[in-house]
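Below is one structure, written out as structure tokens; comments come after it.
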Amino acid sequence: MHKLIFGAFINLLFMVGAHAEMLELRGELTQGSLLRGSVPAGSEIWLDDKSILVGNGGKFAFGFSRDDTLEHQLTWRDPEGKKHEKRITLTSREYDIQRIEGLPSKMVSPPQEVLDKIRQDNVQVAAARARRDERTDFAQDFVWPAEGPISGVYGSQRVLNGQPKRPHYGVDVAAPTGTPVYAPADGVVTLFVPDMYYSGGTMIIDHGLGVSSTFLHLSKGLAKAGDEVKQGQLVAEIGATGRVTGAHLDWRMNWMNVRIDPALLVPKR
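The numbering used here applies: residue 141 is where the sequence shown begins, and numbers increase by one.
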């Protein structure tokens, strides 16, 4: 038999032979969400026929993108070799789209002389996010990394002079330069660069199995690549570096190459 509870938390329970084997999921069934869960050690999992990494103790995570399709197939094989399947249906989201016309071209596209710098920045970020440690720090309940009002949300997008720009993939916390930034969960710092073109001071913390946090526009980094950090540990300070109009923290999260919404993992403000 199986049991499925919809809402913020999902629980699936399957009876295998004479033993109760549990596949548990928690998270919101919506676009941009990270789902986290556990299975008995030795199980295998697939999402839409793509293999999902399973860490110590059977913990795992997978995420959905901003504009992901709504219907998905979750498949897993328990330690006894029995295969199970379940459909996952997401809810769609509406995003804030702003259209701005009449801007000078230099404000729409970066100048040619900084394109090499931008490419170098992108290579460093991609390398830092490529880790696939078996750590399962992502299983913690995340906390907000900084105090302050929310000034930007995941999924919003600007259309400048008719040209759609990349959506905003983080949540912005407005606060003065120097405001503390704390680790939202345990992890390992995989990158700190103080002067990226777009994002200024940039730090990435790996939470295991492809789940990572990225902090942008920092004025100072208080942890370096290779440092292990604990949830609530002071790791940086908010700034106004890079291409910004004011001091704030832009907190982004990834599962592998999928950009997920950090605000779905912390208490609502």
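No residue lacks a Cβ here, since even glycine has one placed at the ideal position from N, Cα and C.
With a contact defined as Cβ atoms closer than 8 Å, E225 and T215 qualify at about 5 Å.
Taken through DSSP and simplified to helix, strand or coil, E168 comes out as coil.
Judged by their CB atoms, Q373 and A325 are not nearer to each other than the 8 Å cut-off. Your pair I192 and F202 checks out as a contact, with CB atoms roughly 5 Å apart and the cut at 8 Å.
Annotation: S296 to I290 spans about 13 Å, alpha carbon to alpha carbon. Residues of the same chain with a CB within less than 8 Å of the CB of P316, apart from the 5 flanking positions on each side, are I378 and A387 in chain order. Contact annotation: V299 and R233 have beta-carbon atoms that are not nearer than 8 Å. The way I'd put it, the region 263-278 does touch the region 327-337; three or more beta-carbon pairs between them come closer than 8 Å. Cα atoms of P250 and T342: separation of roughly 19 Å, rounded to the nearest angstrom.
In the displayed model, L174 falls within a strand according to three-state DSSP.
Annotation for Q213: D188, E225 and R227 place their beta carbon closer than 7 Å to its own, counting only its chain and skipping 5 residues before and after. A distance below 8 Å between beta-carbons, with the five flanking residues on each side excluded, links V406 to the following residues of its chain, in chain order: F282, V283, W284 and P324. By the neighbour-count criterion, in which 16 or more other beta carbons inside 10 Å mark a residue as buried, I258 falls on the exposed side. Under the DSSP assignment, K305 falls outside any beta strand (DSSP E); it carries neither an H nor an E label. Per DSSP, the continuous alpha helix (DSSP H) segment holding V265 begins and ends at L255 to A268. As a beta-bridge residue in DSSP terms, A201 pairs with R176. Note on geometry: alpha-carbon atoms of D390 and G310 lie some 6 Å from one another.
Within the same chain, Cβ atoms closer than 8 Å to the Cβ of G195 are found at E274, R275, T276, G348 and L349, the five residues on either side in sequence being excluded. When the beta-carbon positions are compared, G340 and L362 stay at least 8 Å from each other. Pairing P219 with L165, the inter-Cα distance amounts to about 18 Å. Around the beta carbon of A279, 16 or more other beta carbons sit within 10 angstroms, so the residue counts as buried.
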